[in-house]
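With the first letter of the sequence shown counted as 1, position 284 gets the number 432 in our numbering; the numbers rise by one all the way through. For every residue, glycine included, the Cβ atom is placed at its ideal position computed from N, Cα and C. These numbers were taken from a predicted model, which means no experiment stands behind them.
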Amino acid sequence: MPVLPAELGARIERVDWTPARIETLVRRMPKVESHVHLDGSLSPATVLRLAREQRYAPLESLTLDEIRHRTVVEQPRPSLAEVLAVFGTVYPLLRSAEALETVAFELAASAASQDTRYVEVRFAPALQAAPGFSQEAALDAVLEGLARGRREHGVESAVILCLIRPDALVSMAANRATLELALDRRGRGVVAIDLAGDEAAAPLAAYAELFRRARRGGLALTAHAGEAPGGGDLETALELGVDRLGHGTDLARRPELLAEVLRRRIPIEVNLTSNLRTGAVAAVREHPVRDWFRAGARIALGTDDPGVFGNDLAGEYLLLHRELGFTPAELVAVALQGVDALFLPRGARRRMRREFERELGRLLDELGGEAAPALSPTR
Ligand SMILES: [Zn+2]
Numbered sequence: 149m150p151v152l153p154a155e156l157g158a159r160i161e162r163v164d165w166t167p168a169r170i171e172t173l174v175r176r177m178p179k180v181e182s183h184v185h186l187d188g189s190l191s192p193a194t195v196l197r198l199a200r201e202q203r204y205a206p207l208e209s210l211t212l213d214e215i216r217h218r219t220v221v222e223q224p225r226p227s228l229a230e231v232l233a234v235f236g237t238v239y240p241l242l243r244s245a246e247a248l249e250t251v252a253f254e255l256a257a258s259a260a261s262q263d264t265r266y267v268e269v270r271f272a273p274a275l276q277a278a279p280g281f282s283q284e285a286a287l288d289a290v291l292e293g294l295a296r297g298r299r300e301h302g303v304e305s306a307v308i309l310c311l312i313r314p315d316a317l318v319s320m321a322a323n324r325a326t327l328e329l330a331l332d333r334r335g336r337g338v339v340a341i342d343l344a345g346d347e348a349a350a351p352l353a354a355y356a357e358l359f360r361r362a363r364r365g366g367l368a369l370t371a372h373a374g375e376a377p378g379g380g381d382l383e384t385a386l387e388l389g390v391d392r393l394g395h396g397t398d399l400a401r402r403p404e405l406l407a408e409v410l411r412r413r414i415p416i417e418v419n420l421t422s423n424l425r426t427g428a429v430a431a432v433r434e435h436p437v438r439d440w441f442r443a444g445a446r447i448a449l450g451t452d453d454p455g456v457f458g459n460d461l462a463g464e465y466l467l468l469h470r471e472l473g474f475t476p477a478e479l480v481a482v483a484l485q486g487v488d489a490l491f492l493p494r495g496a497r498r499r500m501r502r503e504f505e506r507e508l509g510r511l512l513d514e515l516g517g518e519a520a521p522a523l524s525p526t527r
């Protein structure tokens, strides 16, 4: 059984769980998200709007359906690389402060609409920088958009800066500049670094020195690792002492490494729809998260790229329930584990967790009340 405060457990047991009530639970329970890429969050409508505003010839005259066809990966593809190719379509639209401010704000607005209260947003400023538009200017624009999201929607946030592999896409010098920017802004909007891009094309080990420097400078570390089968990234990530592990689906074939992840209590950033569409798992019901959770792993559930995959966080919780049999109590436990996994000072995490528990209590009372015929229906 998951570790839940007893009073929440008791409240969960009082609810008569119908599919509709489970859906209400996942949509309305307070949530956080810590694995979401800004550049993977653009809806087709946003892509089209930016293309028209910027008079961007390759896209501006397309219909919404044509944009969707190019930017949304609806069916599984044979490899991660073939999903990453989609991102190239939207990058040219994100090389201005205005566009980055807008998409960061829209990500916060979308989080608010799903009762997601805190988002760690990641992006690679090296991919958005252009002549006359520095990595720093890109970061400032994103932070401004997130600040507007905080003011207008009450969504708290922080930024994880992504280093990008392979070298052909972003040079080591540009990645180094990203790291220096992250160190300079540590505690002022930036909390961690990540390594993203095609795992099969360049190993995490090639970036080990940058990760060590980030660690010495006080940044938290996460890395996409074990998303593609084979390769040594999981070992490297553990050697580097990452604070969270991105995807890690290959742990299913590496029991000795999973044991180490469990022993060190390293949260695993789980992205079900993404793993299906990139071919990391053959079916959601075969995803190892069921076994990981039973074994005591800490889970941080995310969407990865809600624009590219057309998914949302509540939908990912529903997949846990429908495809992998997570019970309402387990769904609530995962939501709380998400808070524990955030790159926030311990005191802030504990405060958020207590707030979430109080709010969950009220939501569960309401859901339990719905089952009682004496009470009038509530929504
Ligand atoms: Zn990712």
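In the three-state DSSP reduction, L190 falls in the coil class, being neither helix nor strand.
L152 and E214 have their C-alpha atoms some 46 angstroms from each other.
Here L490 carries a coil assignment [DSSP, helix/strand/coil]. In terms of CA proximity to A428, L399 leads the group L399, L331, L207 and A356. Judged by DSSP in its simplified three-state form, A448 adopts strand. The C-beta distance from L472 to R438 rounds to 5 angstroms, short enough to meet the 8 angstroms contact threshold. Per DSSP, the continuous alpha helix (DSSP H) segment holding R162 begins and ends at A154 to R162. When distances are taken from the beta-carbon of H183 to the heavy atoms of ligand 1, the shortest one is below 7 angstroms. In the DSSP annotation of this structure, the continuous segment of the beta strand (DSSP E) that includes F271 starts and ends at T264 to F271. Look at F474 here: in three-state DSSP terms it is coil, with no helix or strand label. Rounded to whole angstroms, G378 and A256 show a C-alpha spacing of 35 angstroms. Contact between the stretch 272–279 and the stretch 188–207 is not established, with fewer than three Cβ pairs separated by less than 8 angstroms. The beta-bridge partner set that DSSP reports for S282 is empty. Closest in alpha carbon position to A368, among P351, R333 and A483, is R333. D452 has its Cβ nearer than 7 angstroms to a heavy atom of ligand 1. D439: not part of any beta strand (DSSP E); member of the alpha helix (DSSP H) spanning V437 to R442, first to last residue. Note on geometry: alpha-carbon atoms of V180 and V251 lie some 19 angstroms from one another. A residue is called buried once 16 or more other Cβ atoms fall within 10 Å of its Cβ, and Q485 is buried on that count. Straight through space, the alpha carbons of E171 and E328 are spaced by roughly 43 angstroms. Between S189 and R425, the alpha-carbon positions lie close to 16 angstroms from each other. Under the 8 angstroms Cβ criterion, the stretch 257–276 counts as touching the stretch 302–318, having at least three qualifying pairs. A Cβ-Cβ separation of about 14 angstroms leaves A445 out of contact with V390 under the 8 angstroms criterion. In this structure, ligand 1 has a non-hydrogen atom nearer than 7 angstroms to the beta-carbon of G394. DSSP, read as helix, strand or coil, puts T370 in strand. Between A448 and E417, the CB-CB gap stays under 8 angstroms.
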